[in-house]
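Numbering (numbering that gives the first Met the number 0), first residue to last: 0 to 282. Backbone N, C-alpha and C define an ideal beta-carbon position, used for all residues, glycine too. No experiment lies behind these values; they were computed from the predicted model shown.
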Amino acid sequence: MHSNATIQQRHLQVRLLLITFATTMSKKANFSLDVKALAIELAPLLIPLLTQHIADSLKSLFSEQHEQLLSKMDQLIAATTSLSQAISTTVSAGPGSPMTSSALYSTVARVIHTDAAALVDKAKRCVFIGVPHETSKEATAKTDFSMVAEAVHASNNPDLINALDSGMISTHRHPNYDVSSGRTRPLKVAFPSQRLRDEFLSFVRFNKPSKIKALPHCYVRRDYCENELLEDRKLRQQAGTLNAQAKMLKYVVRDLRIVTLKTPRELLPRKILPTEFSDVIAS
């Protein structure tokens with residue numbers, strides 16, 4: 000690296016060279032700029048300055064990132080240590096017997112496998128929100144399946160129709176139907192694959208069959224996982240507040256976004272507002 004004195008000397012040399020060049024050129028009535036000659040003169044002076052500047056900038060950048068990386072590593076180590084201590088003191092394989100590393104691994108693996116299986120199942124389901132109940136559990140189940148079947152046949156998708164006819168598409172209310180609750184339960188529809196679920200979703204969202212179209216406050220979405228449900232609830236609360244202020248149904252939540260309806264509608268009775276639909280996490 001060059002010393003500060005050397006750098007200052009280089010700066011001074013560049014300035015003097017430019018002043019000399021400008022003075023010489025100003026004395027000529029007609030002159031042409033010899034860029035190549037000027038570059039040859041300036042290069043030995045400018046290159047060390049640029050090199051030093053780049054080196055200083057890189058040093059500052061890497062030093063700052065290095066400190067941030069060390070800080071993140073310290074946080075990770077602290078969190079890992081805390082988790083390890085918590086596991087060793089609270090989890091045991093038997094009375095007074097600490098869980099062995101193999102037993103701990105087995106437990107964690109089962110939890111991860113269970114979560115993964117739940118996510119795979121959710122990826123093959125869609126959920127209708129705002130579909131009213133019938134007067135009984137049986138009547139509701141029949142109406143629900145009829146609505147889904149109409150949508151499947153309207154899609155003219157041979158794979159969806161074959162899955163329906165083969166009994167591979169099912170419906171259920173979640174949580175279980177309870178007429179006394181006074182709340183509309185989400186209608187979950189299970190498909191044999193995520194591809195068929197996606198094709199059904201795509202069709203229903205843009206080509207609503209008559210039974211779905213007759214429900215102006217009904218919408219369909221993916222079967223959310225826990226963190227998505229929490230975000231959805233937060234957004235629905237915000238949309239509910241905005242609708243109350245507007246005194247009309249103007250804002251709704253779709254795919255974890257608050258969207259504005261092109262044609263606002265009259266607010267539904269409080270007990271069945273879209274922001275109030277029960278949508279619990281467990282399947």
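For V252, the number of other beta carbons within 10 angstroms of its own is at least 16, and it is reported as buried. The beta carbon of P131 is closer than 7 Å to those of T183 in its chain, skipping five residues each way along the sequence. Within the same chain, Cβ atoms closer than 7 Å to the Cβ of A148 are found at L163, the five residues on either side in sequence being excluded. Per DSSP, the continuous alpha helix (DSSP H) segment holding F144 begins and ends at 136-154.
Of the residues R221, P191, S192, the one whose Cα lies closest to the Cα of V203 is R221. Beta-bridge pairing by DSSP links K187 to V126, H171. Using a C-beta cut-off of 8 Å, the stretch 149-157 makes contact with the stretch 191-201, since at least three inter-stretch Cβ pairs fall below that distance. Pairing K249 with T259 gives a Cβ-Cβ distance under 8 Å.
By the neighbour-count definition (other C-beta atoms within 10 Å, threshold 16), R256 is an exposed residue. Per DSSP, P131 lies in no alpha helix (DSSP H) and is assigned neither H nor E. At the C-beta level, G129 and L228 stay beyond 8 Å of one another. Within a 10 Å sphere around the beta-carbon of F127 sit 16 or more other beta-carbons, which makes this residue buried. Taking the CA atoms as reference points, G239 sits about 33 Å from I168. Between the alpha carbons of C217 and I211 lies a gap of roughly 7 Å. Inside the stretch 210-279, DSSP marks whole beta strand (DSSP E) runs of 3 or more residues at positions 218-221, 248-252, 257-264, from first to last along the chain. With 16 or more neighbouring CB atoms inside 10 Å of its own CB, D143 falls in the buried class. The beta carbon of E230 sits closer than 8 Å to the beta carbons of L255 from its chain, once the five residues preceding and following it are set aside; these are given in chain order. A direct Cα-Cα distance of roughly 11 Å separates A140 from T134. Straight-line measurement puts the Cα of I160 at about 14 Å from the Cα of R194. Residue state for P208 is assigned as coil, using DSSP reduced to three classes. Rounded to the nearest angstrom, the gap between the Cα atoms of N206 and V219 is 12 Å. Taking each of L118, R124, H171, H173 in turn and checking the Cα distance to P191, the smallest one comes out for R124. For C224, same chain residues with a beta-carbon under 7 Å away, outside a window of 5 residues either side, are L118, K121 in chain order. For A150, the closest C-alpha among the options G166, V188, H173, P208 is that of P208. If you draw a straight line from the Cα of P263 to the Cα of N242, it comes to about 10 Å.
By the criterion of a C-beta distance shorter than 8 Å, T170 is surrounded in its chain by A140, D143, F144, V147, L186, K187, V188, A189, once the five residues flanking it on both sides are discounted.
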